[in-house]
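Participant:
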Amino acid sequence: MTEIDKLLDGFAAFRAATFETARFRALAREGQKPRLLVIACSDSRVDPAILFGAQPGELFVVRNVANLVPPYQPDGHYHGTSAAIEFAVRDLGVAGIVVLGHSSCGGIAALGAEGGAAREFVGPWMSLAAHACAHRGGAAREQASIRRSIENLRSFPWIAERETAGALALHGWWFDLEEGRLWTLDGEGFSPLA
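So for the sequence shown, my numbering puts the first residue at 36; every next one is plus one.
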């Protein structure tokens, strides 16, 4: 069985067990109204919809290498993550943003690896977290990148305005893959959440 065959089998299982005609017709007709934006890593082991038991239409999810948020930089270049954040906040009106990092993150580990910075796209992307993660290792490095992404979210003027007004909450979460535990950014450190 090929990888494509596995995808098609998975889609058949989705159609048989999960696809609810009325629900999906309503989503198609009424559009999406998610209340949360989750910025997560592209890592195949960390799928926000699965981790949080979310149904279609409940989460607006952005996934990228190492769950990074760039600073506000309206320079006319291509900014996929920033565009998704803007759409979620300004058009969908989400009430919360979760930056979801995780243990054993390959993107964060690449910060200290030889050759990682030489990559055409990954190197410049990971430079967003380089300063925050310097002189740290393991979980502390992964959590520092989450903290930096929260700081960068606050550099978007319309996020800062909404957070100050109490219309938007920012959350930094770290998922421990081995233990299946969730930690939350609490001031300068992380504490167990679930």
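From the three backbone atoms N, C-alpha and C, an ideal C-beta is built for every residue, glycine too.
May I have the straight-line CA-CA distance separating H137 from D211, to the nearest angstrom?
Facilitator: Each residue's Cα considered, the two are about 6 Å apart.
Participant: Where DSSP assigns a beta bridge to W209, which residues make up the other side?
Facilitator: Per DSSP, G136, W218.
Participant: Using the Cα positions of I143 and D82, report the straight-line distance between them to the nearest angstrom.
Facilitator: Distance between the alpha carbons of I143 and D82 is about 17 Å.
Participant: May I ask you to report which of helix, strand or coil DSSP gives P227?
Facilitator: Strand, per DSSP.
Participant: Give the straight-line distance between the Cα atoms of H112 and A51, rounded to the nearest whole angstrom.
Facilitator: If I take the Cα positions, the gap works out to 42 Å.
Participant: Could you confirm whether any beta carbon from chain D is found closer than 8 Å to the beta carbon of V81?
Facilitator: No chain D is part of this structure, which consists of one protein chain only.
Participant: Using the three-state DSSP reduction, which class does F95 fall into: helix, strand or coil?
Facilitator: F95 falls in the strand class under three-state DSSP.
Participant: Looking at the strands, I want to know which residues DSSP matches up with I194.
Facilitator: I194 is not bridged to any residue.
Participant: Mind pulling the alpha helix (DSSP H) runs of 4 or more residues that sit fully within the stretch 44 to 111?
Facilitator: Runs of the alpha helix (DSSP H) inside the stretch 44 to 111: 56 to 65, 83 to 86.
Participant: Given a cut-off of 8 Å, decide if R70 and A118 are closer than it, judged by their beta-carbon atoms.
Facilitator: Their beta carbons are not under 8 Å apart, which means A118 does not touch R70 by this criterion.
Participant: Nearest to T53 by CA position, among A75, G88, T37, is which residue?
Facilitator: For T53, the nearest C-alpha among the options comes from G88.
Participant: If you run the structure through DSSP and keep just helix, strand and coil, what is G201?
Facilitator: Reduced to three states, the DSSP call for G201 is coil.
Participant: Measuring alpha carbon to alpha carbon, tell me which residue in D78, R80, L135, H114 is nearest F95.
Facilitator: Per the Cα distances, L135.
Participant: Of all the options P159, G141, Q90, which has the alpha carbon lying nearest to the alpha carbon of H114?
Facilitator: Among P159, G141, Q90, the Cα nearest to that of H114 is on P159.
Participant: Taking the alpha carbon of R80 as the point to measure from, which residue in Q90, A101, E196 has its own alpha carbon closest?
Facilitator: Cα-wise, what sits closest to R80 is A101.
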